[in-house]
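Visitor: Here it is, the structure in full.
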Amino acid sequence: MVSESAGIIVHELSGIPTTGPLVDSFGRLIRNLRISITDRCNFRCTYCMPEEGLEWLPNDAILTFEEIDRLSRLFVRLGINEIRLTGGEPTLRRDLPDLIARLAPLEADGLKSLSLTTNGILLPRLAPALASAGLTRINVSLDTLDQKRFWQVTRRDALDQVMAGLESLEAYPTITPIKVNAVAVRGFTREEDILALAGLARRKPYVMRFIEFMPLDAEGNWETDQVLPGDEIRAIINAQWPLDVIPGQDPSSTAVTYRFSDGLGDVGFINPVTQPFCRTCDRIRLTADGQLRTCLFSVDETDLKSPMRNGADDTDLERLIRQAVWAKEQKHKINEGEAFQRASRSMSQIGG
Ligand code: SAM
Ligand code: SF4
1 MVSESAGIIV
11 HELSGIPTTG
21 PLVDSFGRLI
31 RNLRISITDR
41 CNFRCTYCMP
51 EEGLEWLPND
61 AILTFEEIDR
71 LSRLFVRLGI
81 NEIRLTGGEP
91 TLRRDLPDLI
101 ARLAPLEADG
111 LKSLSLTTNG
121 ILLPRLAPAL
131 ASAGLTRINV
141 SLDTLDQKRF
151 WQVTRRDALD
161 QVMAGLESLE
171 AYPTITPIKV
181 NAVAVRGFTR
191 EEDILALAGL
201 ARRKPYVMRF
211 IEFMPLDAEG
221 NWETDQVLPG
231 DEIRAIINAQ
241 WPLDVIPGQD
251 PSSTAVTYRF
261 SDGLGDVGFI
271 NPVTQPFCRT
281 CDRIRLTADG
291 QLRTCLFSVD
301 ETDLKSPMRN
311 GADDTDLERL
321 IRQAVWAKEQ
331 KHKINEGEAF
341 QRASRSMSQI
351 GG
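Residue numbers (this note's numbering): 1 to 352.
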């Protein structure tokens, strides 16, 4: 059956739950939403985008704060309890603290975590405003502690600012934990880089996480042999500083986290290629231009922006969301040779 409302054709949902929390056809509960608030970036990480950048979305294609707020409220009503703002580089979005301040009160409706993923360069200036707006968690991307190599990865000379940004966060205990994410690429990431980053998590109360390189680079240069498995990285660190797995971790978490016997912080491994965690995936994504994606590797999307701008009410949007979530992909096929199809957008355009 098909119903028409506000000019949008919405298929009645056969077999798809129309109430209760968001669930997909494999029985996975969807709790975690990543919202990209811009596709632009001031870095050019080699594993993410080309030196010249990408063709950015026009301003009017990007969701306004009002639209993000409206959709976030709806998602939280549908059981989303974690929202992470990302991009592109989310700190480039003007008045970001105002957006955080709008979303933070969703805590009263069940939002447990409001976080930000950033390259960190603007944190020295923004940290106080982000903290007072109600940000509760942060992930800062940092792949090396070596100046020259930092430039080689990001094509920017900004290591000092990122380190200062991390340090500025330490003044705000309401933002916790401070996570630091490094993408490891075989052929680039060296033992010295790994140990220096792990050493940072021994000296500082950070959760240092190593992420395997995924085929989401805009240039399509990813090769299997560039994947540096998390287990290899763990063995390198463990040989220097013995690690103990932290018991009782959330099974839907992407990372497995370890404790040093004598460090302030922890170290985690996100191994989407060598140890896929699709079976417990509880994540969906909203792109900066309002497209709902149910997998990083989705080849199609559900447009929420156009219906919203054409007058759809929350019931219409809820139907579209439930339908898209129900059809969430079972798993990625990175390790399945010919069966693997690249995602329809690259990481910075999706919102990692
Ligand atoms: N610009 C922000 C940043 O770098 O933190 C947020 C957006 S960025 C796309 C989100 C995360 O995706 C970062 O931690 C980045 O390192 C990671 N990333 C980008 N390209 C990747 C790839 N091809 N494989 C794995 N992780 C990637
Ligand atoms: Fe920008 Fe983040 Fe991509 Fe680096 S990883 S180019 S900082 S979006």
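Heads up, the beta-carbon is just placed ideally off N, CA and C, and yes, glycines get one too. Computed from a prediction, not measured in an experiment: that's the story for all the values here.
Could you check which residue in Arg285, Gln349, Gly351, Gly337 has the C-alpha nearest to that of Lys328?
Guide: That would be Arg285, whose Cα lies nearest to the Cα of Lys328.
Visitor: Got a sec? Which residues, its chain only, sit under 7 Å from Arg203 by beta carbon, not counting five neighbours each side?
Guide: Excluding positions up to five away in sequence, the list reads Leu264.
Visitor: Taking C-beta to C-beta, are Leu130 and Ile100 nearer than 8 Å?
Guide: Result yes, Cβ atoms of Leu130 and Ile100 sit closer than 8 Å.
Visitor: Short of 8 Å in beta carbon distance, which residues of its chain neighbour Leu317, apart from the five on each side in sequence? Order them along the chain.
Guide: Correct list, in chain order: Leu71, Leu74, Leu304, Pro307, Met308.
Visitor: Would you report the Cα separation of Ala158 and Asp24, rounded to the nearest angstrom?
Guide: Between Ala158 and Asp24, the C-alpha separation is close to 42 Å.
Visitor: Three-state secondary structure (DSSP) at Leu22?
Guide: Here Leu22 sits in coil by DSSP.
Visitor: Cβ of Leu169 within 8 Å of Cβ of Leu123?
Guide: Taking 8 Å as the Cβ cut-off, Leu169 and Leu123 qualify as a contacting pair.
Visitor: Just mark Pro173 as buried or exposed, buried being the case when its beta carbon has 16 or more other beta carbons within 10 Å.
Guide: By the neighbour-count rule (16 or more Cβ atoms within 10 Å), Pro173 is not buried but exposed.
Visitor: Can you list, in chain order, the residues of its chain with a C-beta nearer than 8 Å to that of Thr280? Leave out the 5 residues immediately preceding and following it.
Guide: So the qualifying residues of the chain are Arg28, Pro251, Ser252.
Visitor: Tyr206: beta carbon under 7 Å from a heavy atom of ligand 1?
Guide: It does not: the Cβ of Tyr206 is nowhere closer than 7 Å to a heavy atom of ligand 1.
Visitor: Would you tell me roughly how many angstroms separate the C-alpha atoms of Leu54 and Ala61, rounded to the nearest one?
Guide: Those two C-alpha atoms are separated by around 16 Å.
Visitor: With respect to the alpha helix (DSSP H) encompassing Gly199, which residues constitute its N-terminal and C-terminal limits?
Guide: Note, Gly199: alpha helix (DSSP H), 191–203.
Visitor: The alpha helix (DSSP H) that contains Lys148, what's its start and end?
Guide: Taken as a continuous stretch (DSSP letters only), the alpha helix (DSSP H) holding Lys148 covers 147–154.
Visitor: Within 7 Å: the Cβ of Cys48 and any heavy atom of ligand 1?
Guide: Yes, Cβ of Cys48 sits closer than 7 Å to a heavy atom of ligand 1.
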